[in-house]
Each structure stands twice: as structure tokens, then as C-alpha cells.
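Notes follow once the structure below has been shown.
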Amino acid sequence: MRTLGLLVIAALMLGGCAGSASEDDGRRVLTGIVTTVEATSLTNVESFTLRSEGEDFVIEIDPEITYAFPPEHLRAHAISSEPVRVEVEDRSGTLFALTLEDA
């Protein structure tokens with residue numbers, strides 16, 4: 034019985050050490066405040082900076098993705114300091130937004 038208990042504890046500890054799939058594939062979710070928006074026009078946002086947990090992240094917009102709200106809405110978040118939630122993917126050292134949501 035004691036051996037079974039030790040095996041269960043060991044299995045739980047090993048399971049807790051495993052990384053999540055989102056960490057393994059370069060994806061993660063950031064929630065924070067938009068501090069800057071880089072755009073070539075009022076409706077063509079190329080990137081933005083998100084401050085999350087005291088760190089700044091420059092995040093690129095993928096023109097092939099349809100987001101929950103248009104990327105130009107990020108300007109309103111920058112002005113109001115209302116947080117956003119962004120799922121990002123690291124593509125060769127550059128973060129790309131996969132989703133944009135009001136937080």
C-alpha cells in the first residue's frame with residue numbers, strides 16, 4: 034500500500050513538471066495595457082506594444098487572421114488603458130497576435 038502511495042505521488046510530481054502544449058509550441062496568452070500602436074493608416078495596424086507584468090512586448094498583427102475586434106480598436110485601448118488579452122505565437126523571435134480580446 035505504501036509503495037502504491039509513493040508511485041501516485043511520483044506520478045503527480047512528474048505530471049506537474051511537464052510543460053503545457055502552448056509553451057511547447059511557442060504560444061502563450063498575455064494580458065496587459067496597450068502602450069503604442071504602429072500603423073501605416075487609420076485602419077492598417079502593423080504592430081503594437083503591450084505592457085504585461087511589468088514587461089513590454091512588441092506584437093505584430095498577422096494580416097491573414099480575422100480578430101475578434103479590428104486591430105485599429107487597439108488605439109481606443111491605448112487611450113483608455115483598458116486591458117486586452119492576446120494569444121501570441123513566437124515565430125523566429127517575433128511575436129504575432131493569434132487572438133485579440135477585451136480583457
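The sequence shown begins at 34 in our numbering and counts up by one. Glycine included, each C-beta is placed from N, C-alpha and C at the ideal position.
In chain order, 78, 79, 80, 104 and 130 place their CB closer than 7 Å to the CB of residue 94, counting only its own chain and leaving out the 5 sequence neighbours on each side.
Annotation: the segment 43-123 contains the following complete segments of the alpha helix (DSSP H) (minimum length 4 residues), in chain order: 54-57 and 107-113.
Taking the Cα positions, residue 83 is about 21 Å away from residue 97. Of the other Cβ atoms in all chains shown, 16 or more fall within 10 Å of the Cβ of residue 119; this residue is therefore buried. Straight through space, the alpha carbons of residue 134 and residue 101 are spaced by roughly 6 Å. One alpha carbon belongs to residue 66, the other to residue 117, and they sit about 6 Å apart. Straight-line measurement puts the Cα of residue 114 at about 12 Å from the Cα of residue 106. Here DSSP, grouped into helix, strand and coil, assigns residue 130 to strand.
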